[in-house]
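J.:
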Amino acid sequence: MSEKTRYWMLALPALALMMIFYIWPVLNIFGISLTEPEPGFGNYTRMFDSNAVKVSFVLTFRIAAITTVFCLLLGYIVAYTITTYGGRRAPLMLGLVLLPFWVSVLVRSFAWIVLLGRSGLVNDTMMDWGIIETPLRLMHNELGVLISMVHVMLPFAILPMLANMRGISQSHMMAARGLGASEWRAFREVYFPQTLPGVFSGGLLVFVLSLGFFITPALLGGGRVMMISEYISYQIQELLRWGLATALSSALLVATALVLIVAGNFVNLRKTFLERK
Amino acid sequence: METTDEQFKIDLAEIAVEKYKAGSLSRRGFLTALGAMGLVPLLGKGAHAQASEIVICNWGGAASDILADVLGTAYTAETGIPLRVDGAGPSPGKVRAMVESGAVVWDVLDSGAGSAIVMNEAGVIQPIDYDIVDASKVLEGTALPFAIGNYLFGYGLATNPTMLPNGVPQNWADVWDVEQFPGIRTFRKSVRGQLESAVLAMGIPKEDVYDFLDEDGLRAAIAKFRELRENIIVWGSGSESQNLFLQGEVAMGKIWSTRAFLLKDQMEPGTFELSFEGGVLQPGMWAVPQKNPAGTEAAMNFIALTQDPDLQIEWFNAIGNAPINPEAAAKVPSELAAWNPADAANVAKMVIYSDEWYGKNQVHAEELYIDALIG
Chain C
1 MSEKTRYWML ALPALALMMI FYIWPVLNIF GISLTEPEPG FGNYTRMFDS
51 NAVKVSFVLT FRIAAITTVF CLLLGYIVAY TITTYGGRRA PLMLGLVLLP
101 FWVSVLVRSF AWIVLLGRSG LVNDTMMDWG IIETPLRLMH NELGVLISMV
151 HVMLPFAILP MLANMRGISQ SHMMAARGLG ASEWRAFREV YFPQTLPGVF
201 SGGLLVFVLS LGFFITPALL GGGRVMMISE YISYQIQELL RWGLATALSS
251 ALLVATALVL IVAGNFVNLR KTFLERK
Chain A
1001 METTDEQFKI DLAEIAVEKY KAGSLSRRGF LTALGAMGLV PLLGKGAHAQ
1051 ASEIVICNWG GAASDILADV LGTAYTAETG IPLRVDGAGP SPGKVRAMVE
1101 SGAVVWDVLD SGAGSAIVMN EAGVIQPIDY DIVDASKVLE GTALPFAIGN
1151 YLFGYGLATN PTMLPNGVPQ NWADVWDVEQ FPGIRTFRKS VRGQLESAVL
1201 AMGIPKEDVY DFLDEDGLRA AIAKFRELRE NIIVWGSGSE SQNLFLQGEV
1251 AMGKIWSTRA FLLKDQMEPG TFELSFEGGV LQPGMWAVPQ KNPAGTEAAM
1301 NFIALTQDPD LQIEWFNAIG NAPINPEAAA KVPSELAAWN PADAANVAKM
1351 VIYSDEWYGK NQVHAEELYI DALIG
């Protein structure tokens, strides 16, 4: 057995697991979408005819995009601060970023309900301080979904950017400053371009994860901010329409793949995901 | 399409958990309820009912426990035959599979009109023997040849007066009046029992609701929801609807009377009201599968026994399943009558749910409804 074969053998259990529990079910999903309730592309034509599906898809992409932008903005600042000014406290700061990962998304979403509710902590405090007279509507709408999605997704944006920034030598900035560039110009022309791979991988990660997000929108959206995954679950649970639901799932998968392909035209995905400097 | 609202019955199971926490259900009762839901394998291999017992199949949870406690005790006392409750859920598919394979283990099913029609068409249930069962002891229209009403449940208009400075909406037209009655409304995330509100808000008399709901009428009702949607939060489960009121998220809404029954004790006095004006009343149904193990007579005897007014009141007090026997409804203590959808005064205000309409139109209507809410 050559060395190469032996390494492939080591990867085999993971590969088999993926084949059995991921690839095969996904193929089945495609299968059901083409066979239920009758063979053909009926589910797909239905999907394109339905206004609700269109609305849900647009909403899904809009929320994912806004979430990504906010995560990148906030995340960049955090990552930059940790790398540049963290010093001895950097591990602690990193720990704080990771901390939410140890708490289930479900619990975090419920926590937001406690905070954002009509008689929640935020509204009550602002009313007590006399800032507002009537409670603001902070959840059961798109705003609530966005607030908690940004919170849940933030670590996914921070970590890739942090890894990237840590690989950038501070001496580049110092050299630029030494050559007479202002601090802002040194950041903009020397540092920032080097962080782009981290920004893109963080952004893609957040965007793709947001597209399929279920728990947070379902809990904070009040039923009317129906992202595509919630729409799918509604089709199955309320209407028992497996055909349409699986067609929607396939469409989401294809749409996500398209996003990656389009992104691939602008970013070198191989560089973004595989080779880190 | 099968239209029995299984989610309502599953919701009763959830109420069991709350009752246990609140201490009004014993630990033994709670475990039995969980077992009935299939969470604890209590029933073991007992797949074959012996002729010496009668098996009632319902939907699990507190409903199973209380059925065994209230109706089971009375039945055994009268006939000497032990009664067992199986909470597996008698969906038409399961009943059909059982009858066709010749391995029937259930004697009486806690079903719904929609399911009963489906099962009757499939030829898997028996005619009700009206020599033993009294057709006059149920709400008019619920004594079918092949099934008979067992209890009532319904939707009412729940309100939180403290959130409504201009008073409480009196009917559905008021609910649609957001100028006079500002605040968030809640409706179910399904058309079942909800479309009726929009139709009534248009001024259609309650007797004509389903006649009005042809394709044009349906579209008009959906348009009404579209009009109101900025003010709507939808509830998916019974507990969700309860939470929306508990947390003060909504000022008014259409919720199950069983949940309102719990809320009246949980909310501060003066912060919760329920009206059945333009509510929706839905009957549950007893049905008996073909070739049931205990025999036709035992099953019919059981159904006849459950028509007893006192038993029905006991059942109502325990879980909020409203008595279907009009005589029982009159005997409900006056302080609870307002919360009882089967109370004659309330029945007079309500729309009787049409399983037939939903059987034909539900899927189409759901799609339009969700489109109106989000699109």
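Heads up: the protein sequence lines correspond to chains C and A, in order.
For the first sequence, position 258 (counting from the first letter as 1) is numbered 258 according to our numbering, and the numbering increases by one without interruption.
For the second sequence, position 263 (counting from the first letter as 1) is numbered 1263 according to our numbering, and the numbering increases by one without interruption.
Just so it is clear, CB atoms sit at the ideal spot from N, CA and C, and this is done for glycine as well.
Since this is a predicted model, take the numbers as computed values, not measurements.
1) Going by C-alpha distance, which of A/Glu1006, A/Pro1289, A/Asp1216 is nearest A/Phe1153?
2) Please determine if the segment 1238-1247 of chain A and the segment 1315-1325 of chain A are in contact, where contact requires at least 3 C-beta pairs separated by less than 8 Å.
3) Should the segment 1127-1136 of chain A be called in touch with the segment 1200-1219 of chain A, which here means at least 3 C-beta pairs below 8 Å?
4) Counting only Cβ-Cβ distances shorter than 7 Å, please list the residues of the segment 219-231 of chain C near chain A, keeping chain order.
5) Smallest Cα separation from C/Glu36: which of C/Met149, C/Phe266, C/Thr246?
6) Among the residues of its own chain, which have a CB less than 6 Å from the CB of A/Pro1309, if the five just before and after it don't count?
7) Keeping to the same chain, check which residues put their C-beta closer than 6 Å to that of A/Thr1159; ignore five residues upstream and five downstream.
8) Does any residue of chain C have a CB that is nearer than 8 Å to the CB of A/Gly1038?
9) Would you kindly report the start and end of the unbroken alpha helix (DSSP H) that includes A/Arg1259?
10) Is the separation between the beta-carbon of A/Ile1125 and that of A/Val1288 shorter than 8 Å?
11) Determine, for C/Tyr234, whether the minimum Cβ-Cβ distance to residues of chain A falls below 8 Å.
12) Cβ of C/Val206 within 8 Å of Cβ of C/Cys71?
13) Comparing the C-beta of C/Lys277 with each C-beta of chain A, is any distance below 8 Å?
14) Can you give me the C-alpha to C-alpha distance between C/Ile158 and C/Leu94, rounded to a whole angstrom?
15) Taking buried to mean at least 16 other C-beta atoms within 10 Å of its own C-beta, is C/Gln170 buried or exposed?
16) What are the start and end residues of each continuous alpha helix (DSSP H) run of 4 or more residues lying completely inside the segment 21-94 of chain C, in chain order?
17) For A/Leu1157 and A/Gly1183, which I take to be in contact (beta-carbon distance under 8 Å), what is that distance rounded to the nearest angstrom?
18) Just the chain C side, please: which residues come within less than 8 Å of A/Val1363 by C-beta, in chain order?
19) Does the Cβ of A/Val1085 have 16 or more other Cβ atoms within 10 Å, making it buried, or fewer, making it exposed?
20) Give the interface partners of A/Glu1006 over in chain C, defined as CB-CB distance under 9 Å, in chain order.
21) Please name the residue in C/Leu143, C/Glu38, C/Phe41, C/Pro91 whose C-alpha comes closest to that of C/Leu116.
22) Quick check: A/Ile1232 and A/Arg1188, are their CB atoms within less than 8 Å of each other?
23) Tell me which same chain residues have a C-beta within less than 6 Å of the C-beta of A/Trp1286, skipping the five on either side of it?
24) Say whether chain A places a C-beta atom closer than 8 Å to the C-beta of C/His140.
25) Which residue or residues does DSSP assign as beta-bridge partners of A/Pro1283?
26) By the 10 Å Cβ neighbour count, where 16 or more other Cβ atoms means buried, how is A/Ile1015 classified, buried or exposed?
27) At 8 Å on the CB atoms, spell out the chain A contacts of C/Ser104, in chain order.
28) Quick test of the definition: if touching needs 3 or more C-beta pairs under 8 Å, does the segment 1085-1098 of chain A touch the segment 1058-1067 of chain A?
29) Using DSSP with H/G/I as helix, E/B as strand and the rest coil, what is A/Pro1165?
30) Distance check for C/Leu136 and C/Leu121, CA to CA, integer angstroms please.
31) Which residues of the segment 1224-1246 of chain A have a Cβ closer than 8 Å to any Cβ of chain C? Give them in chain order.
32) Going by DSSP, which residues form a beta bridge with A/Thr1159?
33) Sort A/Glu1121, A/Asn1166, A/Thr1162, A/Pro1161 by Cα distance to A/Pro1145 and report the nearest one.
34) When you compare the CB positions of A/Gln1180 and A/Asn1171, do they come within less than 8 Å of one another, or not?
35) Using a Cβ cut-off of 8 Å, which residues of the segment 1247-1259 of chain A contact any Cβ in chain C, in chain order?
36) To the nearest angstrom, how far is it from the Cα of C/Ile29 to the Cα of C/Leu258?
T.: Answer, in terms of the structure:
1) For this step, residue 1153 of chain A is matched to residue 153 along the second sequence. Among A/Glu1006, A/Pro1289, A/Asp1216, the Cα nearest to that of A/Phe1153 is on A/Glu1006.
2) no
3) no
4) Gly222, Gly223, Arg224, Met226
5) Residue numbering aside, residue 36 of chain C sits at position 36 when the first sequence is read from its first letter. The residue with the shortest Cα to Cα distance from C/Glu36 is C/Thr246.
6) In the second sequence, counting from the first residue as 1, residue 1309 of chain A sits at position 309. The beta carbon of A/Pro1309 sits closer than 6 Å to those of Asn1325, Glu1327, Ala1328, Lys1331, all from its chain and outside the five residues before and after it, given in chain order.
7) In the second sequence, the residue the question calls residue 1159 of chain A occupies position 159. Hits under 6 Å: Val1168, Met1252, Glu1273.
8) Along the second sequence, one-based indexing puts residue 1038 of chain A at 38. For A/Gly1038, the pLDDT reaches just 46, beneath the cut-off of 50, and the residue's location in the model is therefore unreliable, although a value from the coordinates is still provided. Chain C contact via Cβ: absent.
9) The residue you call residue 1259 of chain A lines up with position 259 of the second sequence. Residue range 1257-1266 is occupied by the alpha helix (DSSP H) that includes A/Arg1259.
10) Position 125 of the second sequence holds residue 1125 of chain A. Position 288 of the second sequence holds residue 1288 of chain A. Yes, the pair counts as a contact, with Cβ atoms nearer than the cut-off.
11) By 1-based counting over the first sequence, the position of residue 234 of chain C is 234. Among the residues facing chain A, C/Tyr234 is included, as its CB has a counterpart in that chain under 8 Å away.
12) On the first sequence, position 206 is the one that residue 206 of chain C refers to. On the first sequence, position 71 is the one that residue 71 of chain C refers to. Their beta carbons are under 8 Å apart, which means C/Val206 touches C/Cys71 by this criterion.
13) Sequence index remark: in the first sequence, residue 277 of chain C carries index 277 (1-based). Caution is warranted here: a pLDDT of 46 is assigned to C/Lys277, below 50, making its placement in the model unreliable, and no coordinate value can be reported.
14) In the first sequence, residue 158 of chain C corresponds to position 158, counting from 1. In the first sequence, residue 94 of chain C corresponds to position 94, counting from 1. Near 9 Å, if we compare the C-alpha coordinates of C/Leu94 and C/Ile158.
15) Translated into positions along the first sequence, residue 170 of chain C becomes position 170. Under this definition C/Gln170 is an exposed residue.
16) Taken in chain order, the complete alpha helix (DSSP H) segments of 4 or more residues contained in the segment 21-94 of chain C are 24-35, 42-49, 51-85.
17) Along the second sequence, read from residue 1 onward, the residue named residue 1157 of chain A stands at position 157. Along the second sequence, read from residue 1 onward, the residue named residue 1183 of chain A stands at position 183. About 13 Å separates the Cβ atoms of A/Leu1157 and A/Gly1183, ruling out a contact at the 8 Å cut-off.
18) Sequence index remark: in the second sequence, residue 1363 of chain A carries index 363 (1-based). One finds Leu239, Arg241 in chain C with Cβ atoms closer than 8 Å to the Cβ of A/Val1363, taken in chain order.
19) Start at 1 with the first residue of the second sequence, and residue 1085 of chain A comes out as number 85. The residue is buried, with at least 16 neighbouring Cβ atoms inside 10 Å.
20) Start at 1 with the first residue of the second sequence, and residue 1006 of chain A comes out as number 6. What A/Glu1006 touches in chain C: nothing, since even the nearest Cβ is about 11 Å away.
21) On the first sequence, position 116 is the one that residue 116 of chain C refers to. Of the listed residues, the one whose Cα sits closest to C/Leu116 is C/Leu143.
22) The residue given as residue 1232 of chain A occupies position 232 in the second sequence. The residue given as residue 1188 of chain A occupies position 188 in the second sequence. Against a cut-off of 8 Å, the Cβ pair of A/Arg1188 and A/Ile1232 comes out as no contact.
23) Here the question's residue 1286 of chain A lines up with position 286 in the second sequence. Within the same chain, A/Trp1286 has close Cβ partners Val1108, Ile1148, Asn1150, Ile1303.
24) Residue numbering aside, residue 140 of chain C sits at position 140 when the first sequence is read from its first letter. C/His140 counts as touching chain A.
25) Your numbering for residue 1283 of chain A matches position 283 in the second sequence. Per DSSP, A/Leu1152.
26) Taking the first residue of the second sequence as position 1, residue 1015 of chain A is located at position 15. A/Ile1015 comes out buried.
27) As a first step, residue 104 of chain C is located in the first sequence; it is residue number 104 there, counting from the start. Residues of chain A passing the Cβ test: none, with the nearest at roughly 19 Å.
28) yes
29) Stepping through the second sequence from its first residue, residue 1165 of chain A is reached at position 165. Note: A/Pro1165 maps to coil in three-state DSSP.
30) If you number the first sequence from 1, residue 121 of chain C lands on position 121. If you number the first sequence from 1, residue 136 of chain C lands on position 136. Their Cα atoms are separated by approximately 12 Å.
31) Arg1229, Ile1232, Ile1233, Val1234, Trp1235, Gly1236
32) If you number the second sequence from 1, residue 1159 of chain A lands on position 159. For A/Thr1159, which the question treats as bridged, DSSP gives the partners A/Met1252, A/Glu1273.
33) One-based indexing of the second sequence puts residue 1145 of chain A at position 145. It is A/Glu1121 whose Cα lies nearest to the Cα of A/Pro1145.
34) What you label residue 1180 of chain A is simply residue 180 of the second sequence in a count that begins at 1. What you label residue 1171 of chain A is simply residue 171 of the second sequence in a count that begins at 1. Cβ distance not < 8 Å, so A/Gln1180 and A/Asn1171 don't count as in contact.
35) Gln1247, Gly1248, Glu1249
36) As a working mapping, residue 29 of chain C is identified with position 29 in the first sequence. As a working mapping, residue 258 of chain C is identified with position 258 in the first sequence. Distance between the alpha carbons of C/Ile29 and C/Leu258 is about 19 Å.
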